[in-house]
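In our numbering, the protein residues as written are 70 to 626. Note that CB positions come from ideal geometry on N, CA and C, so glycine has one too. Here's the structure, in structure tokens; my notes come after.
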Amino acid sequence: MGRCRAQAASRRMSGALPPLLRSPPFPWVKPATAAVSTQCPLAPAAPDPARVASLIGAIRKARVGGAFWLPPADPLPSGTLLVHATGEEQAHRLLARAGRGSDVALCAPPGAKSWDVPVARILPNAVDPWSLLRPGITLASEDEEWRLIARIAGAAIAGDPPSETALADALLGRVAYRDPFTRKAANAEDAVALLDQWRARFDAHRAIGACAGMAWWKKDRIGQFLWAGRDRPLAFADDAKSGVAAAAASGGALAVWPSRVTPALLAEADAAGVPIVRIEDGFIRSVGLGANLLPPFSIVADAGGLYYDPGPESDLERLLQTADMTPDLLARADRLARLIVARGISKYGSAPPAPAPPRTRRTVLVTGQVEDDLSVRKAGGDVAGNLDLLRRARAAEPDALILFKPHPDVDAGHRVGRVADADALAFADQVVRSEATQSLLARVDAVHVLTSLVGFEALMRGLETHVHGSPFYAGWGLTHDHGPPLPRRTRTRTIAELVAATLILYPLYQDPVTGLPCSPEILLDRFAAGWKPKPSPIVFARRLQGRIYKLFGRATS
């Protein structure tokens, strides 16, 4: 790899083509860090034709290779001749060579409208080639990369198409692949799989044109999560009105933090024809509390509603109700759940699993929540706060040993929902603070929750789970539901299916080490390796503020 890197640098200086399978130019990540490949002039032995064919099929399915992150163009009608040219003289030459003057589209740099070229349509050349190249389209181009992509995509090529040897050489002959997360050597199939993940992320969020209602300390991270190949930063508006205007000007959706979504904003967006996408922390968030101003490494971007609001159908609920999941995905979800349990992972990081002491009676964990949290307000039903949840748990478990764990943000003094120990102990046997939730889950028989993610974590551990609200994991045949009915949720799901939808298909993740979009498995590996965020003066100040407010019985907003 070292020799290849040195030779690749030489080739870049000489103007040689970059690898066909290459990483997008993430603006906040150094290219060398993000790279999945480098040019390597040392050609290996001739690749196996069966492997080349399989690789081409995978690339065609994923639609990666070349600048796949650029904006897509509208599909061309079948029978179109697509002329891809960098200058007027070249365009004339390609047209003459192709021998056609009708049903022609020109893909060219800015200024091509002034060219004297007989074409029906002019497209920008800064475009995703996969949006134009398909069976039924003929490409006329002298650009080797576009010709290779056309060959893979099944488009016809004016003149001699690239040979099988040229295609194999571009993919396997003169390229060294690497895993950007481990910095170890990888193969072409690994690169395709990672580029496929990145493309799916770009395609899902390309329609977002602006953001509003984001806390200042989250803006950079949110912009990185939602980057979709843009050549300029995503616009962040200070207020709803300017956010709607910015989104409308871009022809896209407005991404908003849910607590900032007001009836007035919804009305204004509806009048402007601007869709709303709600952004919220993901399920494996970070190391540390959000109330301490630590930006998340996982978010969800939901165009339907949000996972914790049972009112409108969220993207997660739609996935769980309609998605058919492959055996490979379910096996991956099962491994992921086992990994989370083994490593003691929760929303705010990890704690080493502790041995469970022997139990002499049924033991139940009741978890407190932030009482004015949107999940409680939207899905809490008629439960009147943490003390009422404790009261209901005791009524359902008259003989159990009940452990009550306050929510960490509440206990840190940042949020509302504090229950005095004396009041809690009227229904609970113990109030536990210092013991991690993962350790507690290892020594209980059941949990009672309102809408807390602890209920989801308990399900992954095979625990009996009672829900008194309407969280996203209720209503699928996995929980004991004491809350309001959920009539849309008619499908029975397994734990693996719930995990696949909730932790793999629905959220976005970012690697805290490289800054790259990543899988949940990579994020878990970073936590397991002991990665910690660098403390900042803001975090220290916020923690001190929490201690002061906790001392005087107040909660920060």
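Cβ-Cβ separation between L572 and F352: approximately 6 angstroms, consistent with a contact (criterion under 8 angstroms). Around the beta-carbon of G374, 16 or more other beta-carbon atoms lie within 10 Å, marking it buried. Beta bridge pairing from DSSP links T432 with L470. Secondary structure of A103 (DSSP, three-state): helix. The three-state reading of DSSP puts L208 in strand, counting E and B together. Between S183 and E349, the alpha-carbon positions lie close to 47 angstroms from each other. When DSSP assignments are scanned along the stretch 544 to 592, the uninterrupted stretches of beta strand (DSSP E) that are 3 or more residues long and fall wholly within it turn out to be 577 to 579.
Judged by DSSP secondary structure, E349 falls within the beta strand (DSSP E) whose first and last residues are I345 to D350.
Contact between A260 and L90 is confirmed by a C-beta separation of about 5 angstroms, below the 8 angstroms threshold.
Taking 8 angstroms as the cut-off, the Cβ atoms of P88 and T107 count as close.
Per DSSP, G292 is one residue of the alpha helix (DSSP H) stretching across K288 to F294.
Ranked by Cα distance from A237, the options V173, W326, L405 and P118 are led by P118. No Cβ-Cβ contact shorter than 8 angstroms links E533 with L510. Below 8 angstroms, too few C-beta pairs join the stretch 123 to 133 and the stretch 310 to 328 to call them touching: fewer than three. Looking at D300, L334 and V439, the one whose alpha-carbon comes closest to that of S311 is L334. Put simply, the backbone Cα of R120 is about 10 angstroms away from that of E258.
Between the alpha carbons of D172 and A597 lies a distance of about 57 angstroms. Around the CB of S147, fewer than 16 other CB atoms lie within 10 Å, so the residue is classed as exposed. In its chain, beyond the 5 residues on either side, I125, I128 and R129 have a beta carbon closer than 6 angstroms to the beta carbon of I221. The beta-bridge partner set that DSSP reports for Y246 consists of S106 and A255. At a cut-off of 3 residues, the continuous stretches assigned as beta strand (DSSP E) that sit fully inside the stretch 459 to 512 are 470 to 474. Here S383 is buried: its Cβ has 16 or more other Cβ atoms, across all protein chains shown, within 10 Å. For A333, DSSP records no beta bridge to any residue. Contact annotation: R431 and A469 have beta-carbon atoms nearer than 8 angstroms.
For S444, the three-state secondary structure derived from DSSP is helix. Rounded to whole angstroms, the Cβ separation of L175 and V188 is 4 angstroms, and the two are in contact under 8 angstroms. In the DSSP assignment, A400 forms no beta bridge with any residue. Secondary structure within the stretch 127 to 194: the alpha helix (DSSP H) runs of 4 or more consecutive residues, fully enclosed, are 157 to 167 (chain order). Shown here for A219: same chain residues with a beta carbon closer than 6 angstroms to its own, the five before and five after excluded, namely L202, L208 and I226 in chain order.
Contact check for P586 against W199 fails: the beta carbons are separated by 8 angstroms or more. Judged by beta-carbon spacing, A448 lies within the 8 angstroms limit of P379, meaning their Cβ atoms are closer than that value. In the pairwise beta carbon analysis, the stretch 456 to 471 is classified as not touching the stretch 402 to 413: fewer than three pairs are separated by under 8 angstroms. With contacts defined as CB atoms closer than 8 angstroms, F473 and A497 qualify as a contacting pair. Burial is judged here by how many other beta carbons sit within 10 angstroms of a residue's own beta carbon; T520 has at least 16 and is buried. Here DSSP, grouped into helix, strand and coil, assigns T534 to strand.
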